[in-house]
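> What follows is a single structure, and I will ask about it in a moment.
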Amino acid sequence: MDLEGSTSRRNKKVFYNLLEIYPHDLQFFADPPHLDLPIDEFEKLAMERMHVLRIIQQASSVKGHQLLSNGWVNCISEALKEFRLNDYNLIIMNCGSAQSEASCAVRRRDHISHYILRLVYCRSEELRRWFLARETELFNLKCKMLKEEEIDKFLSFNKLNLSPISQQEKGDLRISLLYSTKNFNFDTDFYKVQFSDVPYLVKKKQVLLKDGFAIIPKKDLIHYIANNFKKMLRQALLYASKKMYALDDDRIRELLLGLEKNNKISHCIPGEYSHNSIDPSLMDVYAKNHFPLCMRNIHENFRATHTLKYDCRLQYGFFCKGIGLSYEDCVKYWRDEFTKAMEHREFQKKYGYTIKHNYGKVGGKINYIPFNCTKIISANVGIGQQHGCPFKVWDNGYLKQKLTEYGFGPQVVTEIVNHAKEGNYQMACSAYFEYMHGRPSKEVINHPNQYFEESFNYEHEYQSPYCSDEDE
Ligand code: SF4
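Its first residue numbered 1, the sequence shown is counted upward by one per residue in UniProt numbering.
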């Protein structure tokens, strides 16, 4: 059996198929990719493209770098090489229709990653604007690197049937074209396009306008192509934003939100609140004695219902990681609890990846930071959900009842509830800390992990007089 031969024939077929789909480095991304993609590759591709777009943004923000100037292009190329994004460097800087397997593979990644980021950035006007600007810059950069003979190929691959004006018409317009066209060359073909499709040339007065049309030389067709790309992408992002509600896969939803956050915030846990390690068998004790009310509430609900809804998994999961719950301990803890209400296999399928993801072990390997009070307080919390800040979410009656259950006296309860009533949620939390420990916190609570650290350290100091300096 010629196994090797059949494999190589199969590979060739795949290659030719890819070449049909991806004949050119410059892509309109008119159609979404149809494929099955492992979730970690999904994230990896998104992170890679995000990195490319950030490099472009940074190059644009360097003083003296005009968009599309040689300095701007070199800066991008150098950064792509520095961060080992050589494949992107290749398809950008040598933009064309090379027929190699390697080129097709990169074009495919280019295509898929573009669509993933559409989902990430379609959610708000601000995000759409950022993504549209960066993708247009990337597209324009590729256009700039395109050789003139490649323009024809691109038009033909994309079935953009633009015909040049006749020699007769070009002759009749010769003088007008000479005065209105930058670097006029009579030997090139000229095309008639809607003037609104080449706004840059119109603004710069570098084009002949006639009867509502712009007459442009072949080399300027890239302005027409780039403008159409921008128009198409703007509409596509709006369309995607309206369809996002239909996305009911929790893993993808989490991933997209994580990627969106990753573009806005730093990637590491703030050292001041990160804890070395904790004993996972003492989670109930920690929750009772050292968790702020927001985390204690989620913890107790998790124990009671054996389930954590999506927002709780983020708020509580990142908090636990921040207090020192290791990945292995988190898997065991969640598995022991979830499997009281579901099969082991179901747990693995639904939450195995989430935990890996929370701990930065898959995909882009992001070290997500625990949420601070501002973020938790501002969360939208629906009926039946347990995340958010209880001092804000709970009504006064329920807050009173819970504090009383926890053993707070009536005077303390009234003080905490009054803070909450007045919207001083962090003051209420600081008062909760004070009455839990018999002393005030060093600062007003502004982070659940700050609460835990101070509470935990206080107990440690209190219980370990044998470790004082005098004994050494
Ligand atoms: S103030 Fe902060 S730490 Fe305290 S319960 Fe609210 S969100 Fe949690």
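All residues carry an ideal CB built from backbone N, CA and C; glycine is no exception.
Can you tell which of Leu257, Cys294, Cys330 has the C-alpha that lies nearest to the C-alpha of Leu282?
Start at 1 with the first residue of the sequence shown, and residue 282 comes out as number 282. Comparing Cα positions, the closest option is Cys330.
> From Cys447 to Leu325, what distance separates their C-alpha atoms?
On the sequence shown, residue 447 is found 447 positions in, with the first residue counted as 1. On the sequence shown, residue 325 is found 325 positions in, with the first residue counted as 1. The sequence given here has His at residue 447, not Cys. Whole-angstrom Cα-Cα distance: 17 Å.
> Return the Cβ separation of Phe27 and Asp110 in integer angstroms, given the expectation that the two are a contact with Cβ distance under 8 Å.
Here residue 27 is taken as the residue at index 27 of the sequence shown, counted from 1. Here residue 110 is taken as the residue at index 110 of the sequence shown, counted from 1. The amino acid at residue 27 is misidentified as Phe; the sequence shows Gln. Correct: roughly 6 Å between the Cβ atoms.
> Just grab the DSSP bridge partners of Leu209 for me.
Your numbering for residue 209 matches position 209 in the sequence shown. For Leu209, which the question treats as bridged, DSSP gives the partners Ala214.
> The beta strand (DSSP E) spanning Phe190 covers which residue range?
Translated into positions along the sequence shown, residue 190 becomes position 190. Unbroken beta strand (DSSP E) run through Phe190: 190 to 194.
> With a threshold of 7 Å (Cβ to nearest heavy atom), would Gln385 be considered close to the ligand SF4?
The residue you call residue 385 lines up with position 385 of the sequence shown. Gln385: no, Cβ never under 7 Å from the ligand SF4.
> Sort Ile76, Leu117, Asp25, Gly71 by Cα distance to Leu45 and report the nearest one.
In the sequence shown, residue 45 corresponds to position 45, counting from 1. Here the closest residue by C-alpha is Leu117.
> Just to confirm, is the Cβ distance from residue 480 to Gly96 under 8 Å?
Residue 480 lies beyond the residue range present for the chain, which begins at 1 and ends at 472; the question has no answer from this structure.
> Quick one, are the C-beta atoms of Asp25 and Ser77 less than 8 Å apart?
As a position in the sequence shown, residue 25 is number 25, starting the count at 1. As a position in the sequence shown, residue 77 is number 77, starting the count at 1. No. Outside cutoff.
> Can you give the beta carbon distance from Arg54 to His114, rounded, assuming they're within the 8 Å contact cut?
Here residue 54 refers to the residue found at position 54 when the sequence shown is read from its first residue. Here residue 114 refers to the residue found at position 114 when the sequence shown is read from its first residue. Contact flag wrong, Cβ pair sits at about 15 Å.
> My output table needs one value for Pro390: the three-state DSSP class, helix, strand or coil.
Taking the sequence shown and counting its residues from 1, the one referred to as residue 390 is at position 390. Looking at Pro390 - three-state DSSP - the assignment turns out to be helix.
> Compare the C-alpha of His306 against each of Tyr432, Phe347, Pro280, Tyr451 and name the closest.
For the purposes of this step, residue 306 is identified with residue 306 of the sequence shown, where counting begins at 1. That would be Phe347, whose Cα lies nearest to the Cα of His306.
> Which residues in the same chain as Ser455 place their Cβ atom closer than 6 Å to its Cβ, once the five residues preceding and following it in sequence are excluded?
Mapped onto the sequence shown, residue 455 falls at position 455. If we look at Ser455 and ignore the five residues flanking it on each side, its Cβ neighbours are His290.
> Counting along the chain, where does the alpha helix (DSSP H) carrying Leu160 start and finish?
Taking the sequence shown and counting its residues from 1, one reaches residue 160 at position 160. Segment: none, Leu160 is in no alpha helix (DSSP H) and carries neither H nor E.
> List in chain order: all unbroken alpha helix (DSSP H) runs of 4+ residues lying wholly within the stretch 131 to 183.
Segments of the alpha helix (DSSP H) lying fully in the stretch 131 to 183: 148 to 157, 167 to 172, 174 to 180.
> Using the rule of at least 16 other Cβ atoms within 10 Å of the residue's Cβ for burial, across every protein chain shown, is Gln235 buried or exposed?
Along the sequence shown, one-based indexing puts residue 235 at 235. Result: exposed.
> Taking only three categories from DSSP, how would you classify Phe29?
As a working mapping, residue 29 is identified with position 29 in the sequence shown. Note: Phe29 maps to coil in three-state DSSP.
> Give me, in chain order, the residues of the same chain whose beta-carbon lies closer than 6 Å to that of Lys356; leave out the 5 immediate sequence neighbours on both sides.
Along the sequence shown, one-based indexing puts residue 356 at 356. Once the five neighbours on either side are set aside, the close Cβ partners of Lys356 are Val362.
> Between which two residues does the alpha helix (DSSP H) harbouring Ala240 extend?
Here residue 240 refers to the residue found at position 240 when the sequence shown is read from its first residue. Where Ala240 is concerned, the enclosing alpha helix (DSSP H) stretches over 221 to 243.
> Between Ile323 and Asn449, which are expected to be in contact by the criterion C-beta below 8 Å, what is the C-beta distance as a whole number of angstroms?
Looking up residue 323 in the sequence shown gives position 323. Looking up residue 449 in the sequence shown gives position 449. About 6 Å; that satisfies the 8 Å criterion.
> Apply the 10 Å Cβ neighbour rule to Ser163 and answer buried if 16 or more other Cβ atoms are within range, or exposed otherwise.
Numbered from its first residue, the sequence shown carries residue 163 at position 163. Looking at its Cβ environment, which holds fewer than 16 other Cβ atoms inside 10 Å, Ser163 is exposed.
> Just to confirm, are Leu399 and Ala379 a CB contact at a threshold of 8 Å?
Within the sequence shown, numbered from 1, the residue matching residue 399 stands at position 399. Within the sequence shown, numbered from 1, the residue matching residue 379 stands at position 379. In this structure, Ala379 does not lie closer than 8 Å to Leu399 by Cβ.
> Taking only three categories from DSSP, how would you classify Tyr458?
Translated into positions along the sequence shown, residue 458 becomes position 458. Looking at Tyr458 - three-state DSSP - the assignment turns out to be helix.
> Just the C-alpha distance for Tyr191 and Ala30, rounded to the nearest angstrom, thanks.
On the sequence shown, position 191 is the one that residue 191 refers to. On the sequence shown, position 30 is the one that residue 30 refers to. The straight-line gap from Cα to Cα measures roughly 23 Å.
> Mapping the DSSP letters down to three states, classify Arg345 as helix, strand or coil.
Against the sequence shown, residue 345 aligns to sequence position 345. It is helical.
> Measuring alpha carbon to alpha carbon, tell me which of Lys375, Ile225, Phe371, Gly384 ends up nearest Phe302.
For the purposes of this step, residue 302 is taken as residue 302 along the sequence shown, with counting starting at 1. Of the candidates Lys375, Ile225, Phe371, Gly384, the one whose C-alpha sits nearest the C-alpha of Phe302 is Gly384.
> If you measure from the CB of Ile376, is any heavy atom of the ligand SF4 nearer than 7 Å?
Translated into the one-based positions of the sequence shown, residue 376 becomes position 376. Answer for Ile376: yes, Cβ within range of the ligand SF4.
> Alpha carbon to alpha carbon, what distance is there between Glu41 and residue 476?
Outside the modelled stretch of the chain, which goes from 1 to 472, sits residue 476, for which no answer is possible.
> What is the rounded straight-line gap between the Cα of Ile377 and the Cα of Pro33?
In the sequence shown, residue 377 corresponds to position 377, counting from 1. In the sequence shown, residue 33 corresponds to position 33, counting from 1. Approximately 39 Å between the Cα atoms of the pair.
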